[in-house]
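In the working numbering, the protein residues as written are 787 to 1201.
Here's what the structure looks like:
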């Protein structure tokens, strides 16, 4: 158990810092960015040393024979990434290294640490806190379950795995190893949404007392200068391609087409412009052209200050994702006054209802999203300064780091 030193007389040697390993396969992507920000947030606290460890710091990833990098999805129910491991491979030097930390914070670490290595750490009694960015650490391999309910059956008969490329018998084996890890009292989990945290508890993976809600940290940049009113409603779309069904970009584009037709018919005097951030492959660009939408392609943006400027210039962030956790993009966009329109039934709805900002479409249909977009666009009070302030406060480095350390203090080392 981590304990925080109480006030004491001045000593010649300062107390040793609390050492935390923050693990992520990469420092990019949603999970990688959140992990890197967590390490940064923790290092703002006195008496804490947080080391961000990715494939760069640890010298690579698992051999492909152990953790094939290719998705094992059969692309039928859904085509979201499906990660399979053939468990058993372990590097004792890495286990020894990580066991030297006071707590090991595991983010999206597929391919970085094997299940046998995580299990060995848990068996040593090392305090561990998994930060869930999707369902992967509670399932046999899928990252989002879509409509599958096999998790309660131990992932036997998995409908997502491509059995031509992967022996489907390994799916319940993967799940059994994961459940063995989370069965140990020195292992806790957290998720930024109550939706994902509650799903983990309901699955039987972990008891409620060892499952927590912990936001991803975000430290806002200074507010950009306000953009002048020009009679346009600007809608932000984060879009790489039409391929991943979970993100439902075809539905988003159908909804925008319908909204544009309503604007053309006089539903509102405002004009609409779409700002597209992401790689936007050719098929997506062709679809935008076919719909006759007024749009600007910004490409993939790695300069966060530039992204912040785009947030501040947009009115609405549209996400039609069927399944999601607590996306960084919602926190970031809302911090600068760009409010979300999202679908029902998962972490995005939870975000909107938690802060009373933006709107939730009632159904995954173009008509429902177009109705919700139009109602949101015509609301003069859609940007609530109090909601923005609460979002910023809940995700600030100091607040999240303090909450992390509260959780960590309750994780007792195992026997």
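Glycine residues also receive a C-beta, built at the ideal position from the N, C-alpha and C atoms.
Using CA atoms only, rank isn't needed, just tell me which of the options is closest to residue i.
i: residue 1153; options: 1040, 1181, 1076 and 1119; result: 1040
i: residue 1136; options: 1163, 977, 1080 and 988; result: 977
i: residue 1057; options: 932, 1180, 903 and 1015; result: 1015
i: residue 1084; options: 956, 1045, 1067 and 1131; result: 1067
i: residue 849; options: 972, 945, 896 and 956; result: 896
i: residue 826; options: 1195, 1198 and 1181; result: 1181
i: residue 1019; options: 1121, 968, 808 and 1159; result: 1159
i: residue 1065; options: 1087, 930, 1076 and 1055; result: 1087
i: residue 1006; options: 818, 949 and 1090; result: 1090
i: residue 892; options: 1196, 1200 and 1190; result: 1190
i: residue 854; options: 869, 1092 and 1051; result: 869
i: residue 861; options: 916, 1030 and 1178; result: 1030
i: residue 1192; options: 948, 974 and 941; result: 974
i: residue 908; options: 856, 965 and 934; result: 965
i: residue 813; options: 1143, 1177, 843 and 802; result: 843
i: residue 822; options: 1003, 1119 and 963; result: 1003
i: residue 1168; options: 1194, 1148 and 1141; result: 1141
i: residue 1166; options: 805, 917, 1104 and 1054; result: 1054
Just curious, the beta strand (DSSP E) that residue i is in, first and last residue?
i: residue 1058; result: 1057-1063
i: residue 838; result: 834-839
i: residue 807; result: 804-809
i: residue 976; result: 973-977
i: residue 1024; result: 1018-1024
Decide if residue i is buried, meaning its Cβ has at least 16 other Cβ atoms within 10 Å, or exposed.
i: residue 899; result: buried
i: residue 1112; result: buried
i: residue 871; result: buried
i: residue 1047; result: exposed
i: residue 888; result: buried
i: residue 1184; result: exposed
i: residue 1196; result: exposed
i: residue 955; result: exposed
i: residue 1072; result: exposed
Roughly how far, in whole angstroms, is the beta-carbon of residue i from the beta-carbon of residue j, given that I think they are within contact range, below 8 Å?
i: residue 1081; j: residue 1062; result: 6 Å
i: residue 1074; j: residue 1028; result: In fact, because the Cβ distance is near 10 Å, the residues do not count as touching under 8 Å.
i: residue 1101; j: residue 1163; result: 7 Å
i: residue 1094; j: residue 1010; result: 6 Å
i: residue 1124; j: residue 1097; result: 5 Å
i: residue 998; j: residue 983; result: 7 Å
Which same chain residues, not among the five before or five after residue i, have their C-beta less than 8 Å away from its C-beta?
i: residue 1034; result: 1106, 1107, 1108, 1129 and 1150
i: residue 1012; result: 1098
i: residue 794; result: A caution first: residue 794 carries a pLDDT of 45, below 50, which makes its placement in the model too unreliable to give a value.
Among the residues of its own chain, which have a CB less than 6 Å from the CB of residue i, if the five just before and after it don't count?
i: residue 932; result: 863 and 864
i: residue 1037; result: 1106
i: residue 859; result: 865, 868 and 946
i: residue 1186; result: 827, 1001 and 1003
Closer than 8 Å, CB to CB, is residue i near chain C or not?
i: residue 865; result: No chain C is present in this structure, which holds just one protein chain.
Name the two residues that bound the continuous alpha helix (DSSP H) containing residue i.
i: residue 1171; result: 1171-1181
Using 7 Å as the cut-off, classify the Cβ of residue i as near or not near the heavy atoms of the ligand GTP, replying yes or no.
i: residue 1070; result: The ligand GTP is not part of the structure shown, which contains no ligands of any sort.
Report all residues from its chain with a CB closer than 7 Å to the CB of residue i; omit the five preceding and five following residues, and keep chain order.
i: residue 943; result: 936
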